[in-house]
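Reminder that position 366 of the sequence shown reads as 402 in our numbering, one-by-one numbering, no gaps. C-beta atoms are modelled at their ideal positions from N, C-alpha and C, and glycine is treated no differently. It should be emphasised that the depicted structure is a prediction, and the values quoted were computed from it without experimental measurement. Below: the structure, in structure tokens.
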Amino acid sequence: MVDGMVDSLPNMRKIIHCDADCFFAAIEMRDDPSLRGIPMAVGGNPSRRGVISTCNYEARVFGVHSALASAYAKKLCPQLVIIPHNMAKYRLAAQQLKEIFYDYTELVEPLSLDEAFLDVSSSQDYRGSATLIAKDIRRRVESEIGITVSAGISSNKFVAKVASDWDKPNGLTVVEPSKIKGFLHQLPVKCIPGVGKKMQATLQNLDIHQCADILPIDKLELIRQFGKFGNRLYHFARGEDARVVSPIRERKTVSVEQTLDQDILPKESEKVLTVIYQKLLHRINGLSTNKQFSKVFVKIKFGDFSKTTVEITINKLDFECCKKLLYQGWERQKKPIRLLGIGVRLQPDMGLEDGYRQLNLFTTVKESLVL
């Protein structure tokens, strides 16, 4: 494993690729601990031409994998337990996962329900350390969602994604810029996006098996052989990837936060909460009319840089509610507070008039949900 700290160069991109380990299966094992330690999968009924969506690592030992026919999976592993899909549950966990990502950067590019790229180049969390940010993300996901995430860190998307697969499950691999070429040197060409079975066979016929085998070949020759894809082969084999992290999301929160000059306790932080609460109201008033509000949350960063977020479902926003969340969050670790944040979750307008939307925001507390 290549490990280190991608934090030394101030102008260098810092990209994290996070990938939840056997996501659907992990959620089912979280909710039913009796499934742990035995071969299990999430998929369709074997008697109805069902297909495996994902499986745990115990099942993979028998050759079970995603996209495999459920009936054939049972032949490979007769003791395999196949759980039907529960997409509502997986989507909820995926949303919780993304909200954790957004606590560190707005530059989040989801690739699927369970994986995403994060560009933390400009993040001030942990003094800009991508390694420490990734460690905290993994800690929070396990603590707040009950599953594990593997992460890869490097200066570009391609290497970060390869790195996240390096130490699965529940691993963290950091590839520093100076070590990228050595890291990729012995990796098979199939690690390059777009190299499927057919392309891999074509490359092997040309005696190209590893990324290192591409290095001596002229760029123009690769383009002549493979068209535009030859350009990708040339650059990715060298660990070069200029693609940016492209956030694709509708705004779902409005928030304000403040880093304190010195660490303080909850009683002292009530004054800070009052100030940022007023700022939040000001930002809410500047919103367009096509949004409603569903939750209010308080975010706390403690003196040791660990974080927690507490939220409740609301149809009233008031200061006392926020103060209650502040104390609930502090009770989790009971440490001095370094940063305090407050915000609301947004949801699409359901066709209600704006006057009703504002009234709905300032009525009564409905129920609580602590994440």
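Taking C-beta to C-beta, are residue i and residue j nearer than 8 Å?
{"i": "E142", "j": "C54", "result": "no"}
{"i": "V211", "j": "V195", "result": "yes"}
{"i": "L309", "j": "L353", "result": "no"}
{"i": "I183", "j": "A278", "result": "no"}
{"i": "G365", "j": "I336", "result": "yes"}
{"i": "H121", "j": "V78", "result": "yes"}
{"i": "Q314", "j": "Q383", "result": "no"}
{"i": "I51", "j": "I169", "result": "no"}
{"i": "P213", "j": "H245", "result": "no"}
{"i": "N206", "j": "D68", "result": "no"}
{"i": "F153", "j": "V281", "result": "yes"}
{"i": "L126", "j": "F59", "result": "Residue 126 is actually Tyr in this sequence, not Leu. Yes, Cβ-Cβ distance for Y126 and F59 is below 8 Å."}
Classify residue i as helix, strand or coil using the three-state DSSP reduction.
{"i": "N351", "result": "strand"}
{"i": "I51", "result": "strand"}
{"i": "D161", "result": "helix"}
{"i": "T289", "result": "strand"}
{"i": "L317", "result": "helix"}
{"i": "L258", "result": "helix"}
{"i": "D172", "result": "helix"}
{"i": "F338", "result": "strand"}
{"i": "T344", "result": "strand"}
{"i": "K360", "result": "helix"}
{"i": "G365", "result": "helix"}
{"i": "L147", "result": "strand"}
{"i": "R381", "result": "strand"}
{"i": "L251", "result": "coil"}
{"i": "F265", "result": "helix"}
{"i": "S282", "result": "coil"}
{"i": "V308", "result": "helix"}
{"i": "I300", "result": "strand"}
{"i": "K331", "result": "strand"}
{"i": "T325", "result": "Because T325 sits at a pLDDT of 48, beneath the cut-off of 50, its placement in the model cannot be relied upon, and the following sentence gives the value as read from the coordinates. Residue state, collapsed to three classes: coil."}
{"i": "I373", "result": "strand"}
{"i": "V156", "result": "coil"}
{"i": "T295", "result": "strand"}
{"i": "M386", "result": "Model confidence at M386 stands at a pLDDT of 37, short of 50, so the residue's coordinates are unreliable; what they give is reported in the following sentence. Three-state result, M386: coil."}
Cβ of residue i within 7 Å of any heavy atom in the ligand GTP?
{"i": "E145", "result": "Because no ligand of any kind appears in the structure shown, any question about the ligand GTP cannot be addressed here."}
Strictly under 8 Å for the Cβ-Cβ distance: is residue i near chain C by that measure?
{"i": "L309", "result": "Given the protein chain composition of this structure (a single chain), no chain C is represented."}
So, under 8 Å CB-CB, residue i and residue j are touching, yes? Tell me the CB distance rounded to an integer number of Å.
{"i": "L316", "j": "V346", "result": "The pair is not a contact, with the Cβ atoms about 15 Å apart (cut-off 8 Å)."}
{"i": "D203", "j": "S190", "result": "About 14 Å; that fails the 8 Å criterion."}
{"i": "F137", "j": "I173", "result": "7 Å"}
{"i": "N192", "j": "R49", "result": "7 Å"}
{"i": "E145", "j": "P283", "result": "6 Å"}
Along the chain, which unbroken stretches of the beta strand (DSSP E) at least 3 residues long are found entirely within the stretch 187-241?
The beta strand (DSSP E) runs of length 3 or more contained entirely in the stretch 187-241 are, from start to end of the chain, 208-210.
Is there contact here, the stretch 356-373 with the stretch 292-309, by at least three beta-carbon pairs under 8 Å?
Under the three-pair Cβ rule at 8 Å, the stretch 356-373 counts as touching the stretch 292-309.
Are the stretch 331-344 and the stretch 364-372 touching by the rule of at least three beta carbon pairs closer than 8 Å?
Short answer: they touch.
At 4 residues or longer, what runs of the alpha helix (DSSP H) sit wholly inside the stretch 43-123?
59-67, 93-96 and 106-112
Is it a yes or a no for the stretch 100-107 touching the stretch 147-164, going by three-plus beta-carbon pairs under 8 Å?
no
Is the stretch 265-278 in contact with the stretch 210-228, if contact means three or more CB pairs nearer than 8 Å?
yes
Quick one: any contact between the stretch 163-181 and the stretch 126-134, if contact means 3 or more CB pairs under 8 Å?
yes
When the Cβ atoms of the stretch 69-89 are set against those of the stretch 107-122, are three or more pairs found closer than 8 Å?
yes
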